[in-house]
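**Q**
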Amino acid sequence: MATDVVQEIRPQKGPQSMFLSSRADIAIYGGSAGGGKTWAILLETLRNVGNSRFAAVIFRRTYPMIKAPGGLWDASMALFPLIGGQPKQSNLTWEFPNGASIVFRHLKLDRNVYDWQGAEVPLICFDELTHFSESQFWYMMSRNRSTCGVRPYIRATTNPDADSWVRGLIDWWLDEEGYPNLERGGIVRYFVRENGEIRWVEPDYRDEMGIPPKSITFIPSSIYDNPALLEKNPEYLANLRALPQVERDRLLGVKGKGGNWNVKLSAGKVFRQEWFEVIDQLPLSVLQNPQSKRVRFWDFAGTIAKNRGDDPDWTVGVEMLLAPDGMAYVLDAIVEQQTPAGVDRLVVNTASQDGRGCAVRWFQDPGQAGLYQGEKLRSQLRGYDSCGVVCQLDKYNRAKPFSRAAEFGEVKLLRGAWNQGFLNELSQFPDSRHDDQVDGASGAYNELTGSNVRRFGTSQMRG
Numbered sequence: 107m108a109t110d111v112v113q114e115i116r117p118q119k120g121p122q123s124m125f126l127s128s129r130a131d132i133a134i135y136g137g138s139a140g141g142g143k144t145w146a147i148l149l150e151t152l153r154n155v156g157n158s159r160f161a162a163v164i165f166r167r168t169y170p171m172i173k174a175p176g177g178l179w180d181a182s183m184a185l186f187p188l189i190g191g192q193p194k195q196s197n198l199t200w201e202f203p204n205g206a207s208i209v210f211r212h213l214k215l216d217r218n219v220y221d222w223q224g225a226e227v228p229l230i231c232f233d234e235l236t237h238f239s240e241s242q243f244w245y246m247m248s249r250n251r252s253t254c255g256v257r258p259y260i261r262a263t264t265n266p267d268a269d270s271w272v273r274g275l276i277d278w279w280l281d282e283e284g285y286p287n288l289e290r291g292g293i294v295r296y297f298v299r300e301n302g303e304i305r306w307v308e309p310d311y312r313d314e315m316g317i318p319p320k321s322i323t324f325i326p327s328s329i330y331d332n333p334a335l336l337e338k339n340p341e342y343l344a345n346l347r348a349l350p351q352v353e354r355d356r357l358l359g360v361k362g363k364g365g366n367w368n369v370k371l372s373a374g375k376v377f378r379q380e381w382f383e384v385i386d387q388l389p390l391s392v393l394q395n396p397q398s399k400r401v402r403f404w405d406f407a408g409t410i411a412k413n414r415g416d417d418p419d420w421t422v423g424v425e426m427l428l429a430p431d432g433m434a435y436v437l438d439a440i441v442e443q444q445t446p447a448g449v450d451r452l453v454v455n456t457a458s459q460d461g462r463g464c465a466v467r468w469f470q471d472p473g474q475a476g477l478y479q480g481e482k483l484r485s486q487l488r489g490y491d492s493c494g495v496v497c498q499l500d501k502y503n504r505a506k507p508f509s510r511a512a513e514f515g516e517v518k519l520l521r522g523a524w525n526q527g528f529l530n531e532l533s534q535f536p537d538s539r540h541d542d543q544v545d546g547a548s549g550a551y552n553e554l555t556g557s558n559v560r561r562f563g564t565s566q567m568r569g
């Protein structure tokens with residue numbers, strides 16, 4: 107005799123249950139990676155789907171974030187069908203048999219909020235609240251209204267960002283060091299917003315029209331509050347521990363506290379001089395291994411100082427070798443100020459000295475001028491493995507893989523007169539006026555490890 111299998115859906119004990127039982131008008135959940143934020147916000151949208159007139163909207167800042175593998179939409183596909191939901195892929199909407207709906211939308215541009223003029227949304231959810239602007243959040247709060255019988259409310263998830271407006275909003279729930287104050291987690295506070303500023307008030311406050319204040323709470327969570335994830339994917343914790351220091355402090359933080367909301371990029375946070383061992387010569391086994399790869403990566407600055415006091419950027423060429431065991435060796439760093447013609451001559455002459463076994467790469471502007479410069483340089487480097495590289499990432503994100511490798515002892519420097527200047531610049535990043543050697547070194551490391559994804563010209567690395 108066949109029996110029906112009943113699948114129970116419930117939040118995990120701890121912060122996730124606290125978030126899903128909060129009565130606050132606004133509840134913000136998270137504060138580090140791996141705390142079960144996505145699952146929690148999806149569960150919340152299902153609370154009222156028994157009401158045929160209910161509708162919920164889940165926002166992410168961009169459309170690709172919604173459709174990313176393992177992201178919101180994928181997670182909803184594993185959950186919503188259990189409640190009878192039918193997906194509409196064309197418009198990222200879930201419809202339920204009684205007429206209730208849950209939709210996924212983006213607010214890529216600040217002005218996208220005006221697409222919601224006149225809307226009535228009982229439940230508004232923001233996934234990764236720090237990605238949204240403050241004006242977007244408060245405008246959408248004006249669309250948070252209901253005539254379906256469900257009290258309108260807002261739910262949001264977040265990771266720490268010291269520069270975000272969210273940091274100020276939840277300040278009361280954090281300690282002086284920027285970690286969540288666990289004793290205050292889940293406590294509800296009340297506020298009114300006047301002339302764009304928040305004023306905290308008592309629960310029984312009423313304005314001149316008798317309107318009560320809004321309520322808000324912050325509920326911190328961390329990967330240690332998510333035993334289901336640790337059981338199914340224990341290596342995720344190792345992934346967080348392997349992050350560069352700034353990202354690790356934000357997304358993992360301290361066990362028992364969570365992520366840090368005060369940590370920012372600053373000198374000594376991305377690179378430290380003590381991370382780099384200086385060696386007198388390369389191991390013979392590395393030099394003779396045909397699987398070792400070598401590149402000279404250039405970051406161009408086509409201006410020279412014209413007046414006393416000028417401090418333009420420098421043209422930098424960093425030579426690096428990657429051994430088969432993953433150890434990176436920085437062999438040389440050229441730092442010069444040259445005219446555009448002098449830069450071309452410097453690159454060509456250096457290539458002849460490095461030899462044809464050393465690939466030549468440079469950051470290339472994706473525009474027409476960059477293409478012209480790249481083709482001109484490649485014609486002068488005929489016979490060498492050479493090409494330009496286009497990278498859309500900012501300097502810090504370009505540097506993260508190299509930073510992580512250095513912190514874990516996977517980068518060594520070959521002793522030379524250039525060492526101290528190189529280390530000084532790296533250790534002062536991103537606060538220093540100059541970061542050209544950071545760009546050259548991160549470009550070389552990313553090229554050797556396959557992180558540069560768009561090239562112009564040849565791209566085969568040679569040992």
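In our numbering, the protein residues as written are 107 to 569.
Where is the CB? At the ideal position from N, CA and C, for every residue including glycine.
(1) Tell me whether D313 sits in a helix, a strand or coil according to DSSP, three-state version.
(2) Could you check what DSSP says for Q118 in three-state terms: helix, strand or coil?
(3) Which same chain residues, not among the five before or five after D417, have their C-beta less than 6 angstroms away from its C-beta?
(4) Would you be able to state if there are at least three C-beta pairs under 8 angstroms between the stretch 417–432 and the stretch 401–408?
(5) Between the alpha carbons of L554 and A130, how many angstroms are there, rounded?
(6) Could you tell me the alpha carbon to alpha carbon distance between S123 and P507, rounded to whole angstroms?
(7) Quick one: grab the DSSP three-state call for V155.
(8) What did DSSP end up calling T323 once you bin it into helix, strand or coil?
(9) Per DSSP, R582 forms a beta bridge with which residues?
(10) Should D537 be labelled buried (16 or more other beta-carbon atoms within 10 Å of its own) or exposed?
(11) Can you tell which of P266, S239, A225, Q242 has its C-alpha closest to the C-alpha of N250?
(12) W200: which of G141, L152, Q223 sits nearest, CA to CA?
(13) Using CA coordinates, which residue listed in G556, V466, R217, N332 is at the minimum distance from T144?
(14) What residues in its chain sit with their C-beta under 7 angstroms from that of I147, if we drop five residues either side in the sequence?
(15) Identify whether F232 lies in helix, strand or coil by the three-state DSSP scheme.
(16) Using CA coordinates, which residue listed in E300, Y285, P446, V219 is at the minimum distance from L357?
(17) Could I get the ranges of all uninterrupted beta strand (DSSP E) runs contained in the stretch 515–543, with 3 residues as the minimum, in chain order?
(18) Got a sec, what are the start and stop residues for the beta strand (DSSP E) R347 sits in?
(19) Going along the chain, which residues of its own chain have a beta-carbon closer than 6 angstroms to the beta-carbon of F202, five neighbours each way excluded?
(20) Give the range of the alpha helix (DSSP H) segment to which A268 is assigned.
(21) Quick check on the burial criterion: 16 or more other C-beta atoms within 10 angstroms. Buried or exposed for A547?
(22) With a CB to CB cut of under 6 angstroms and the five nearest residues on each side skipped, what residues in its chain are close to F324?
(23) Could you check if N301 is buried or exposed, using at least 16 other CB atoms within 10 Å of its CB as the buried criterion?
(24) Can you give me the C-alpha to C-alpha distance between L126 and P319, rounded to a whole angstrom?
(25) May I ask you to report which of helix, strand or coil DSSP gives F125?
(26) Inspect the CB distances between the stretch 510–523 and the stretch 429–436 and report whether three or more fall short of 8 angstroms.
(27) What first and last residue would you give for the alpha helix (DSSP H) that runs through L357?
(28) Would you list the one or two residues that DSSP bridges to I132?
(29) Looking only at its own chain, which residues have a Cβ that is under 7 angstroms from the Cβ of L529, when we skip the five neighbours before and after it?
(30) Please tell me whether S509 and G359 are closer than 7 angstroms, where the distance is taken between their beta carbons.
(31) Are the CB atoms of F210 and L198 within a distance shorter than 7 angstroms?
(32) Taking the straight line between their C-alpha atoms, what separation do you get for A465 and Q459?
(33) Buried or exposed: which applies to D542, given that a residue is buried once 16 or more other Cβ atoms fall within 10 Å of its Cβ?
(34) Distance check for R159 and K194, CA to CA, integer angstroms please.
(35) Which first and last residues belong to the beta strand (DSSP E) in which T199 is found?
(36) I need the DSSP call for Y285, collapsed to helix, strand or coil.
**A** On the basis of the supplied data:
(1) Residue 313 sits at position 207 when you count from the first residue of the sequence shown. D313 falls in the coil class under three-state DSSP.
(2) As a first step, residue 118 is located in the sequence shown; it is residue number 12 there, counting from the start. When DSSP states are grouped into helix, strand and coil, Q118 belongs to the coil group.
(3) Within the sequence shown, numbered from 1, the residue matching residue 417 stands at position 311. Only weak support is given to the placement of D417: the predicted model assigns it a pLDDT of 49, under 50, and the value that follows is read from those uncertain coordinates. Around D417: no qualifying Cβ.
(4) Result yes; three or more Cβ-Cβ pairs closer than 8 angstroms.
(5) The count along the sequence shown starts at 1 and reaches residue 554 at position 448. The count along the sequence shown starts at 1 and reaches residue 130 at position 24. Cα-Cα distance, rounded: 51 angstroms.
(6) Along the sequence shown, one-based indexing puts residue 123 at 17. Along the sequence shown, one-based indexing puts residue 507 at 401. Cα-Cα distance, rounded: 36 angstroms.
(7) In the sequence shown, counting from the first residue as 1, residue 155 sits at position 49. Collapsing the DSSP output to three states places V155 in coil.
(8) As a position in the sequence shown, residue 323 is number 217, starting the count at 1. Three-state DSSP puts T323 in a strand.
(9) Here the chain has residues from 107 to 569 only, and residue 582 is not among them.
(10) Translated into the one-based positions of the sequence shown, residue 537 becomes position 431. Under this definition D537 is an exposed residue.
(11) Taking the first residue of the sequence shown as position 1, residue 250 is located at position 144. Ranked by how close their Cα comes to the Cα of N250, the residues P266, S239, A225, Q242 have A225 in first place.
(12) Numbered from 1 along the sequence shown, position 94 holds the residue referred to as residue 200. Closest by alpha carbon: L152.
(13) By one-based count along the sequence shown, residue 144 stands at place 38. Measuring from the Cα of T144, the nearest candidate turns out to be N332.
(14) Counted from its first residue, the sequence shown places residue 147 at position 41. So the list reads I164, C231, D233, R261, T263, once near-sequence residues are dropped.
(15) Within the sequence shown, the letter at position 126 stands for residue 232. When DSSP states are grouped into helix, strand and coil, F232 belongs to the strand group.
(16) Here residue 357 corresponds to residue number 251 of the sequence shown, with the count starting at 1. It is Y285.
(17) Correct list: 517–520.
(18) Position 241 of the sequence shown holds residue 347. In the DSSP annotation of this structure, R347 is not part of any beta strand (DSSP E); the continuous alpha helix (DSSP H) holding it starts and ends at 341–347.
(19) Here residue 202 refers to the residue found at position 96 when the sequence shown is read from its first residue. In chain order, V155, G190, G191 place their CB closer than 6 angstroms to the CB of F202, counting only its own chain and leaving out the 5 sequence neighbours on each side.
(20) Your numbering for residue 268 matches position 162 in the sequence shown. For A268, there is no enclosing alpha helix (DSSP H), as DSSP gives it neither H nor E.
(21) Position 441 of the sequence shown, counted from the first residue, corresponds to residue 547. A547 counts as buried, since at least 16 other C-beta atoms from the protein chains shown sit within 10 angstroms of its C-beta.
(22) Position 218 of the sequence shown, counting from 1, holds the residue named residue 324. Cβ within range, chain order: I134, I276, W279.
(23) Reading the sequence shown from its first residue, position 195 is the one you call residue 301. Exposed, since its Cβ has fewer than 16 Cβ neighbours within 10 Å.
(24) Here residue 126 corresponds to residue number 20 of the sequence shown, with the count starting at 1. Here residue 319 corresponds to residue number 213 of the sequence shown, with the count starting at 1. Near 21 angstroms, if we compare the C-alpha coordinates of P319 and L126.
(25) If you number the sequence shown from 1, residue 125 lands on position 19. Here F125 carries a helix assignment [DSSP, helix/strand/coil].
(26) Touching, yes.
(27) Here residue 357 corresponds to residue number 251 of the sequence shown, with the count starting at 1. DSSP places L357 in the uninterrupted alpha helix (DSSP H) bounded by 351–357.
(28) Counting from 1 along the sequence shown, the entry for residue 132 is found at position 26. For I132, which the question treats as bridged, DSSP gives the partners I260, I322.
(29) Looking up residue 529 in the sequence shown gives position 423. Closer than 7 angstroms at the Cβ level, and outside the excluded window around L529, lie Q379, F382.
(30) In the sequence shown, counting from the first residue as 1, residue 509 sits at position 403. In the sequence shown, counting from the first residue as 1, residue 359 sits at position 253. By the CB criterion at 7 angstroms, S509 and G359 fall outside the cutoff.
(31) Stepping through the sequence shown from its first residue, residue 198 is reached at position 92. Stepping through the sequence shown from its first residue, residue 210 is reached at position 104. Yes.
(32) Translated into the one-based positions of the sequence shown, residue 465 becomes position 359. Translated into the one-based positions of the sequence shown, residue 459 becomes position 353. So the two alpha carbons sit approximately 12 angstroms from each other.
(33) Here the question's residue 542 lines up with position 436 in the sequence shown. Under this definition D542 is a buried residue.
(34) By one-based count along the sequence shown, residue 194 stands at place 88. By one-based count along the sequence shown, residue 159 stands at place 53. Whole-angstrom Cα-Cα distance: 18 angstroms.
(35) Position 93 of the sequence shown, counted from the start, is the residue given in the question as residue 199. Residues 199–201.
(36) For the purposes of this step, residue 285 is taken as the residue at position 179 of the sequence shown. Of the three classes helix, strand and coil, the one that applies to Y285 here is coil, per DSSP.
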